[in-house]
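Trainee:
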Amino acid sequence: MDYFIELLFAGLTRGSIYALIALGYTMVYGIIGLINFAHGEIYMIGAFTSFIVATVLSIYGFPLLAIVIIAAVAAAVWSSAYGFTVEKLAYRPLRKAPRLAPLISAIGMSIFLQNYVLLAQTSDFLPFPELIPEFAFMEPVAHIVGSSDMVILVTTAIVMIALTCLIKFTKIGKAMRATAQDKTMAVLVGVNVDRVISATFIIGSALAAIGGLLIASHIGQINFYIGFLAGIKAFTAAVLGGIGSIPGAVLGSLVLGLTESFATGYISSDYEDVFAFSLLVLILIFKPSGLLGKTETKKV
Amino acid sequence: MFPVKELKRSALTSLWFAFLTFPIMVVKVDPIERVVSWRWDNMFFIAFGSFVFSILAKVFIIQKERRASKKKQKTISEPLVQRIVREPRFLYPLALACFIFGISFPFLFSTYQTNIMTTALMYVVLGLGLNIVVGVAGLLDLGYVAFYAVGAYSYALLNYNFDMGFWTVLPIGGLLAALLGIILGFPVLRLRGDYLAIVTLGFGEIIRLVLENWNDFSQGPSGIANIPRPSFFGMDMTFAGGITYIYYIILVLVVLTIFVVNRLQNSRLGRAWLALREDEIACEAMGIDKTKTKLIAFSLGAFWAGFVGVIFAAKTTFVNPASFTFLESAIILSIVVLGGMGSIIGVVIGALILILLPEYLRALSEYRMLAFGAILVVMMVFKPGGIISNVRRNYKFKGLSVVEGKNNE
Amino acid sequence: MQSGLKKKLLVAAVSLGFAMAAPVAGMAADTIKLGVAGAQSGDLASYGLPTVKAAELVVAMYNAKGGINGKMIELLIEDDVCKPEVATNTATKLVTDGVHVVLGHICSGATKAALPIYKEAGVVVMSPSATNPDLTQSGDYPNFFRTIASDDAQAQTEVDFAINVIGAKKIAVIHDKGDYGKGLAEFAKKFIQESGKAEVVLFEGVTPGAVDYTAIVQKIKRKGADAVIFGGYHPEASKIVSMMKKKRLKITFISDDGVKDDTFIKVAGKNAEGVYASGPNDNSANPLSTAAIDAHKKEYNEDPGAFFENAYSAALALLNAIEKAGSTDMADIVKALQTETVATPVGNIHFDTRGDAVGVGFAMYVVKDGAYVEVK
Amino acid sequence: MLELRNVNAAYGNIQVLHNIDLEIHKGEIITLIGANGAGKSTTLMAISGIVPVRSGKILFEGKNISKVSPEKLVSMGISQVPEGRHIFPELTVMENLDMGAFLRNDAKGIKDDLDYVFSLFPILADRKSQDGGTLSGGEQQMLAMSRALMARPKLMLLDEPSMGLAPLIIKQIFEIVKRINKEHNTTIFLVEQNANQALHVADRGYVIENGVITISDSAENLLKNQDIQKAYLGI
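Residue numbers (the numbering used here), protein chains in the order written: chain A, 74 to 373; chain B, 163 to 571; chain C, 104 to 479; chain D, 107 to 341.
What follows is the structure, given as structure tokens:
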């Protein structure tokens, strides 16, 4: 039973990280129908920014709490700035282009950003400062669920609730939903669609940056390549849940995380990714729009 | 004269980039020695560079608009390449010249150049194969590399276990890949565009992971070495001879592929694909069997990938799963989109650019992939329809203008 | 008919190819061309670049003495990104440029792909880091040599240490699914089973770059392993050890020379304490080794990276063989490599008939106070 | 209030509107009638800034608005109820109405307008928290009009409000159109295929054929015009 709970928490932790990244994919897809392949790189840049800021601050002797807060804010700010700029440079000019053009642009952007960080920083793995301390009160259960797992779970939950409120109740949230559902009509009621799309990129990037900060301090290292696999997995999770759907992205991520964790625990980690992708194929065969996706009626 | 407003905007752009790149470009920390180096000179370069660049981009755009507005008053003139493609008068001599150049290539250049060109030609065929799936039939396949892997491993394994020769395996590899395409296609082809994309991506990864983990079958990550090059009537060949030989094999395959794909596009089936790409529901109403038509496109694309896979194994004489990653699929897809979806010549040009570019960008050494990514983005932004944008689109508006009226397809 | 034409074309092509290669070879008489191939960009660049630096240092030293038999040595440096398909291009380029001997490649896969090309052209290749046993044991590559011991030797060292020194009874063997890591792990598994003194309770691969390794660590714990043998590189190793620490799992962690790298200690920090790793014999007492490192520091102003000493030694061995043989002919060089003992930073070595260096072995190291020290 | 002078507009290469001239005065109900594909909706989309104007001028309260962005036009007082209603299907009725007032910040005014639209269409008040997509066609039309009213427009563009609705509801809708025009002093530009109904509420009307305005007259005269009777009124 202990083992089951251990794997459960491992899966939830992993799923939470996927969720933070998957939301960016799903929100962008919901609004402009683009698979933003560079999103994994935004997550990586978030992790790198928080690494740089946190290390600099710790060298200058700031207290831990200040470091955590400043690093998180900096990561969110710069990731958002990158998300915003990438959209403006690589996707906005292609708003009316053939459907695959922005996809290739996104792949190019992804390659570019990876190599940009590689060249400006280093190809080596870097030790990420420990931003999450080992809490004393967690000690009795630390072998099952550690402090960093807990922080990840709690933070993700808070972020999810905040995002839901934002989408549900604020003006920009409503504008985002309206734009996703009917772009022309959104324009006709006075929504500046360009601004809404930028906002979507900014919010999605900030979430990914939080994910980057959390996971980097959880596993204790980063390099320029961490965005690739995490991005692909998060994207898979978003599709699994029904791409375009926000609760779908969260559910899909948790399902994916748990599948990987239990598959590793009870079967073998050799085929961890095979299980993940097979699950995706199976679910899509029986539910072609993902777990919470709506069956689309195609406009004729 | 350049407007002052634009200068101000460029200044703002440069400020923005200075801010944007600040943590990554300027700060470098050594977490072990606990030292921070501030590379302010980088910030200066970025600010200056982006200032100059944004002005250049603006000038470029203004000129483009000016040219476009001038053009609008006359007829819309076609790009040069497209006109050449259209006119048999230009096309045939050009094709002949290309062919002669292709044949004499190994005589003109070194073995190394021939080797690189062989790789490029392999991607031409891969691009043309994927073009059937993505460009013509409109099915977004992000796992195309799986079929390539199937071809490569067919040759490696059949040769290793049963000592089968290159020429025997060549068709088998293609058929196995096509078969796999059918098996995969059945359940997934009813998925909508982007769902299909991620499922094929997942499938490509599954194939690679199986090859990586199933040691008894594929020898795992260490791969299979000592795959023989194609034999030439039992004659043993020198290394340079082998390279040249494979070059000619792939050259013949390129010609064959172009011929077949061209015929296919103008056939009933080709038109059904195009129609399917434009509007699935209307197609069904007109009695086109959607699943069957898609399946044929999917397996035909796979067949070509399998073919090239066999040649890949013979050329490198070594296969391991690391050669079949998602990036490979992405590059083949980029070839198709960059060249211009659905256009044969576009795909050929796209493949030559994308494969030869990194090879000749070696001079840029570590900036190679950075430049590659940037070029992909820039090409897409300035030419979203690809180098040769789809010629066929014209016949929708047949007779609307003088130039388009000439289109006698 | 057509095939006849093809044959003619081919013959013509081949002869032309030679005709073009000939002047290159003729010119080459003036210099001895040493090729250096390996990953110089991409994620494995940190394993390939030290080799380039080692070659530069050795060549500069030789050329300062007036070269070999009056001929200067010229370096031809090519990047293969550790990818087999690129490595064939790299090898072709080097062969076309008339290279005499090659120092490289860095990764076993790339080396395997490139070797037939060198074999065909009669070029001797010596790798500082390709450890796959097949390279020497299969007998397929008479032109291949290396200054590093092969994976099976290393796995044997690790297993002996785990069983005899640590006294492990239940061992979990983990790898990174890669060419090097998995190959090593396979050998470790085999040797453990053959020893009969311990059992393999878990044999699994982890996905490099995965966001989290908690599940596999929990599994190791559940299987009741008292030691882990890990085959792979340091990024995964440091993730696993820090996750073991987080999950309060206190068992011995033994790894390979992909982990016996100072970067591992830097990244894993205090979690690295007590980790065992096998690595090439400690050469710090060897004056040649200290001299090579000092030369590196002087020239590049930093400590040398991975496989630097092996690369330095390989460059010395290759040039020494050419000097002793008095020729750049493959057969002569091979003979000289097998018979002439040469003093290098990794010891006084010569090569056996399969191509492995005699006199290069593995020792076990442990991380103590932030540095690797040899376990006596 | 609104004036179109020599307006040409095109989708890509296909020109839809040719030299359109049209004038609407403050407080009027004007209707534009024509067959399917004659360019009625395109005219509205050109006014709203969705379809780009190739040449010519669109003047709104004396200012040329042919290059003004759509969202700016909404804040200037032009709202459109597009053909097919375009309700946001997964937003509730209340949220749909909120979107109508997207550019406004006067909480008090919004509250008043909300009360007003609920007085016009009491059924919407009952359905407040229901998703827009679950409403019936008639209710959706009411919601679409209310949403446009929430922007407190000076000029309301109404595209085919009767499409697909039962005769009884059509009657109700047209009555409300008149009420809005009177009570709220909103100028209304009504595009209709149902020419009979439209001409009965309108002050003046225009007829568009193949992208060209062919007739312009008072609604009364148009109703009497024999050609119109034949072509559009089915008499």
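C-beta: ideal position from N, C-alpha, C; glycine also.
Please state the DSSP three-state secondary structure of L147(C).
Mentor: Looking up residue 147(C) in the third sequence gives position 44. It is coil, neither helix nor strand.
Trainee: At which residues does the beta strand (DSSP E) containing A467(B) begin and terminate?
Mentor: The residue you call residue 467(B) lines up with position 305 of the second sequence. Segment K452 to T478 is the alpha helix (DSSP H) holding A467(B); no beta strand (DSSP E) there.
Trainee: Buried or exposed: which applies to A444(B), given that a residue is buried once 16 or more other Cβ atoms fall within 10 Å of its Cβ?
Mentor: The count along the second sequence starts at 1 and reaches residue 444(B) at position 282. Flag for A444(B) reads exposed.
Trainee: Should K371(A) be flagged as near chain D, meaning a C-beta pair shorter than 8 Å?
Mentor: Taking the first sequence and counting its residues from 1, the one referred to as residue 371(A) is at position 298. Its pLDDT being 40, under 50, K371(A) is placed unreliably in this model, and the value from its coordinates should be taken loosely. No, K371(A) lies away from the interface with chain D (no Cβ there is under 8 Å from its Cβ).
Trainee: Near I517(B), which residues of its chain fall below 7 Å by C-beta distance, leaving aside the five closest residues on each side in sequence?
Mentor: On the second sequence, position 355 is the one that residue 517(B) refers to. So the list reads T281, A282 and Y285, once near-sequence residues are dropped.
Trainee: Could one say the Cβ of G106(A) lies closer than 8 Å to chain D's Cβ atoms, at least one of them?
Mentor: Within the first sequence, numbered from 1, the residue matching residue 106(A) stands at position 33. No, because no Cβ of chain D sits closer than 8 Å to the Cβ of G106(A).
Trainee: Do you know how far the Cα of G327(B) is from the Cα of A149(A)?
Mentor: Start at 1 with the first residue of the first sequence, and residue 149(A) comes out as number 76. Start at 1 with the first residue of the second sequence, and residue 327(B) comes out as number 165. Straight-line Cα distance between these residues: approximately 57 Å.
Trainee: What do you get for P228(D), buried or exposed, if any count of 16 or more other CB atoms within 10 angstroms of its CB means buried?
Mentor: The count along the fourth sequence starts at 1 and reaches residue 228(D) at position 122. With fewer than 16 Cβ atoms within 10 Å of its Cβ, P228(D) is classed as exposed.
Trainee: What does Q321(C) touch in chain A if you count any residue whose Cβ is under 8 Å from its own?
Mentor: Residue 321(C) sits at position 218 when you count from the first residue of the third sequence. The contacting residues are Y76, E79, L80, A83 and G338.
Trainee: Using DSSP with H/G/I as helix, E/B as strand and the rest coil, what is A460(C)?
Mentor: Here residue 460(C) refers to the residue found at position 357 when the third sequence is read from its first residue. It is a strand residue.
Trainee: Measuring only the C-alpha atoms, how far is K454(B) from D200(C)?
Mentor: If you number the second sequence from 1, residue 454(B) lands on position 292. If you number the third sequence from 1, residue 200(C) lands on position 97. When rounded, the distance between both Cα atoms is 52 Å.
Trainee: Kindly list, in the order they appear in chain A, the residues whose Cβ is closer than 7 Å to that of Q186(D).
Mentor: By 1-based counting over the fourth sequence, the position of residue 186(D) is 80. The contacting residues are L261.
Trainee: Would you grab the beta carbon distance between I332(C) and V276(C) for me? Rounded to a whole angstrom, and I think it's under 8 Å.
Mentor: As a first step, residue 332(C) is located in the third sequence; it is residue number 229 there, counting from the start. As a first step, residue 276(C) is located in the third sequence; it is residue number 173 there, counting from the start. Indeed, because the Cβ distance is near 5 Å, the residues count as touching under 8 Å.
Trainee: Any residues in the stretch 262-289 of chain A with a beta carbon nearer than 7 Å to a beta carbon of chain C? Which ones, in chain order?
Mentor: Listed by position, the residues of the stretch 262-289 of chain A near chain C (Cβ gap below 7 Å) are I288.
Trainee: So what does M164(C) bridge to, in DSSP terms?
Mentor: By 1-based counting over the third sequence, the position of residue 164(C) is 61. Answer is none; M164(C) lacks a bridge partner.
Trainee: Assign E374(B) to buried or exposed, taking buried as 16 or more other Cβ atoms, counted over all protein chains shown, within 10 Å of its Cβ.
Mentor: Here residue 374(B) refers to the residue found at position 212 when the second sequence is read from its first residue. Buried is the call here.
Trainee: Just to confirm, is the Cβ distance from A318(B) to A533(B) under 8 Å?
Mentor: Along the second sequence, read from residue 1 onward, the residue named residue 318(B) stands at position 156. Along the second sequence, read from residue 1 onward, the residue named residue 533(B) stands at position 371. Contact: no.
Trainee: Please report how far the alpha carbon of K371(A) lies from the alpha carbon of I217(A), in whole angstroms.
Mentor: Taking the first residue of the first sequence as position 1, residue 371(A) is located at position 298. Taking the first residue of the first sequence as position 1, residue 217(A) is located at position 144. Reliability of the predicted coordinates at K371(A) is poor, the pLDDT of 40 falling under 50, and the value obtained from them is presented with this limitation in mind. So the two alpha carbons sit approximately 47 Å from each other.
Trainee: When DSSP builds the beta bridges, which residues end up paired with W435(B)?
Mentor: Start at 1 with the first residue of the second sequence, and residue 435(B) comes out as number 273. DSSP output for W435(B) lists no bridge partner at all.
Trainee: Alpha carbon to alpha carbon, how far is L363(B) from F488(B)?
Mentor: Residue mapping note: residue 363(B) aligns to position 201 of the second sequence, counting from 1. Residue mapping note: residue 488(B) aligns to position 326 of the second sequence, counting from 1. Distance between the alpha carbons of L363(B) and F488(B) is about 7 Å.
Trainee: DSSP three-state call for T158(A): helix, strand or coil?
Mentor: Here residue 158(A) corresponds to residue number 85 of the first sequence, with the count starting at 1. Three-state result, T158(A): helix.
Trainee: What residues of chain B sit near Y189(A), judged by a beta carbon separation below 8 Å?
Mentor: Locating residue 189(A) in the first sequence gives position 116, counting from the first residue. By Cβ distance, chain B contributes I186 and L532.
Trainee: Taking only beta-carbon atoms, is E167(D) less than 8 Å away from chain A?
Mentor: The residue labelled residue 167(D) in the question sits at position 61 within the fourth sequence. It does not: the Cβ of E167(D) has no partner Cβ on chain A nearer than 8 Å.
Trainee: Could you check what DSSP says for A207(D) in three-state terms: helix, strand or coil?
Mentor: The sequence position of residue 207(D) within the fourth sequence is 101, counting from 1. In this structure, A207(D) counts as coil in the three-state DSSP scheme.
Trainee: Over what stretch of residues does the alpha helix (DSSP H) that includes S123(A) continue unbroken?
Mentor: Here residue 123(A) refers to the residue found at position 50 of the first sequence. Looking at the DSSP string, the run of the alpha helix (DSSP H) that includes S123(A) is H112 to I132.
Trainee: If you measure beta-carbon to beta-carbon, which residues of the stretch 464-492 of chain B are closer than 8 Å to chain C?
Mentor: Those would be F474, K477, T478, T479, F480, V481, N482, A484 and S485, in chain order.
Trainee: Are the CB atoms of G366(A) and S318(A) nearer to each other than 8 Å?
Mentor: For this step, residue 366(A) is matched to residue 293 along the first sequence. For this step, residue 318(A) is matched to residue 245 along the first sequence. Yes. Within cutoff.
Trainee: For Y316(C), which option in V303(C), I295(C) and K342(C) has the closest C-alpha, if you only look at C-alpha atoms?
Mentor: In the third sequence, counting from the first residue as 1, residue 316(C) sits at position 213. Nearest C-alpha to Y316(C): K342(C).
Trainee: Helix, strand or coil, according to DSSP, for T447(C) in the structure here?
Mentor: In the third sequence, the residue the question calls residue 447(C) occupies position 344. Strand at T447(C).
Trainee: Could you work out which residues of chain A lie near A257(D), taking near to mean beta carbons separated by less than 8 Å?
Mentor: Along the fourth sequence, read from residue 1 onward, the residue named residue 257(D) stands at position 151. Those are V262 and G263, listed as they occur along chain A.
Trainee: Starting from D200(C), trace the alpha helix (DSSP H) in both directions and tell me its first and last residue.
Mentor: Position 97 of the third sequence, counted from the first residue, corresponds to residue 200(C). It is not in any alpha helix (DSSP H) - D200(C) carries neither H nor E in the DSSP assignment.
Trainee: Compare the C-alpha of L165(D) against each of M107(D), Q335(D), V307(D) and S324(D) and name the closest.
Mentor: For the purposes of this step, residue 165(D) is taken as the residue at position 59 of the fourth sequence. Closest option to L165(D), Cα to Cα, is M107(D).
Trainee: Could you tell me the distance, in whole angstroms, from the CA atom of P97(D) to the CA atom of R210(D)?
Mentor: Nothing about residue 97(D) can be read from this structure; chain D reaches only from 107 to 341.
Trainee: Quick one: list the residues of chain D neighbouring K169(A), beta-carbon separation under 8 Å, in chain order.
Mentor: Residue 169(A) sits at position 96 when you count from the first residue of the first sequence. Simply none; closest approach about 10 Å.
Trainee: Between which residues of its own chain and A439(C) is the CB-CB distance below 8 Å, once the five residues before and five after are set aside?
Mentor: For the purposes of this step, residue 439(C) is taken as residue 336 along the third sequence, with counting starting at 1. Taken in chain order, the residues that qualify are N423, A424, I425, K427 and A428.
Trainee: At what residue ranges does the stretch 285-331 of chain D contain a whole run of the alpha helix (DSSP H), taking only runs of 4 or more?
Mentor: DSSP runs (the alpha helix (DSSP H)) wholly in the stretch 285-331 of chain D: 301-307 and 325-330.
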